Amino acid sequence: MKIFIKYMVCIRCKMIVKQQLENLNIEYGAINLGEVEIISSITKSDRKVLASALLKHGLELMEDKNAQLVDMTKMVIVEMIHYADELPKQSHSDYISNKVNYNYQKLTMLFMEATGISIERYIINHKIEKIKEYILYDGMSFGEIVFRLNYSSIAHFCTQFKKETGVTPQFFKGLKVKKDKNNKK
Numbered sequence: 003m004k005i006f007i008k009y010m011v012c013i014r015c016k017m018i019v020k021q022q023l024e025n026l027n028i029e030y031g032a033i034n035l036g037e038v039e040i041i042s043s044i045t046k047s048d049r050k051v052l053a054s055a056l057l058k059h060g061l062e063l064m065e066d067k068n069a070q071l072v073d074m075t076k077m078v079i080v081e082m083i084h085y086a087d088e089l090p091k092q093s094h095s096d097y098i099s100n101k102v103n104y105n106y107q108k109l110t111m112l113f114m115e116a117t118g119i120s121i122e123r124y125i126i127n128h129k130i131e132k133i134k135e136y137i138l139y140d141g142m143s144f145g146e147i148v149f150r151l152n153y154s155s156i157a158h159f160c161t162q163f164k165k166e167t168g169v170t171p172q173f174f175k176g177l178k179v180k181k182d183k184n185n186k187k
């Protein structure tokens, strides 16, 4: 049996969940971002205690199946963009559908209904944040970013970045250089 935990998006969160499960003597298997495999059955009472303990740490057990699917989709996207060495070569829709194990068309409707934005918009938002990170902290070239995030061309990358941020990637990179120079003074 799997249980799903909202906001479990980092290693620290996984450690908190592990500790709470051990405190309650709940046998578990894999702990992944957003989900835990429970080996033994869990009583309603234990589930309530676990939910209360997790809530103290800003984590929330998810009961609603649709909310679980939306949250799993978000986690797959975050993991895909922020933690993978490079994006999968298959389409986002196939990748997400396979990871979540749910029909993509139905998933897009649930996602839009729950969040007010499309899955594609959510992906673009995260890609833009990752681009900013690559520029600011990793000093990657635009060509490396295009390759890493599977853009079809530098032109497409630049157009999308400007559309989303209001500035070109080159201008954004210039802001970092200017800031660095000011910090050295």
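In this text, residue positions in the sequence shown follow this note's numbering: the first is 3, and each later residue adds one. Idealized CB from N, CA, C, for every residue including glycine. The model shown is predicted, which means the values in this text are computed figures rather than measured ones.
According to DSSP, is residue i part of a helix, a strand, or is it coil?
i	result
residue 38	strand
residue 62	strand
residue 175	helix
residue 153	coil
residue 5	strand
residue 28	coil
Does the distance from the CB of residue i to the CB of residue j come in under 7 Å?
i	j	result
residue 41	residue 24	no
residue 175	residue 137	yes
residue 166	residue 133	no
residue 156	residue 169	no
residue 77	residue 35	yes
residue 1	residue 26	Beyond the ends of the chain as shown, which are 3 and 187, falls residue 1; an answer cannot be given.
residue 16	residue 33	yes
residue 128	residue 98	no
Please report the residue range of the alpha helix (DSSP H) in which residue i lies.
i	result
residue 56	46 to 57
residue 12	Unbroken run through residue 12: none, as it is neither H nor E.
residue 73	67 to 80
residue 157	156 to 167
residue 147	144 to 150
Judging by CA-CA distance, which residue of the options is the nearest neighbour of residue i?
i	options	result
residue 152	125, 101 and 108	125
residue 115	145, 72 and 83	72
residue 107	157, 117, 95 and 159	95
residue 4	129, 110 and 102	102
residue 198	12, 34 and 104	Because the chain spans 3 through 187 in this model, residue 198 falls outside it and cannot be assessed.
residue 66	145, 142, 7 and 158	7
residue 150	158, 89 and 56	89
residue 122	70, 172, 93 and 143	93
residue 139	161, 177, 105 and 110	177
residue 117	158, 84, 68 and 145	68
residue 85	62, 55, 61 and 135	135
Runs of 4 residues minimum, wholly inside the segment 96 to 141: which ones carry the alpha helix (DSSP H) assignment? 106 to 117 and 121 to 135
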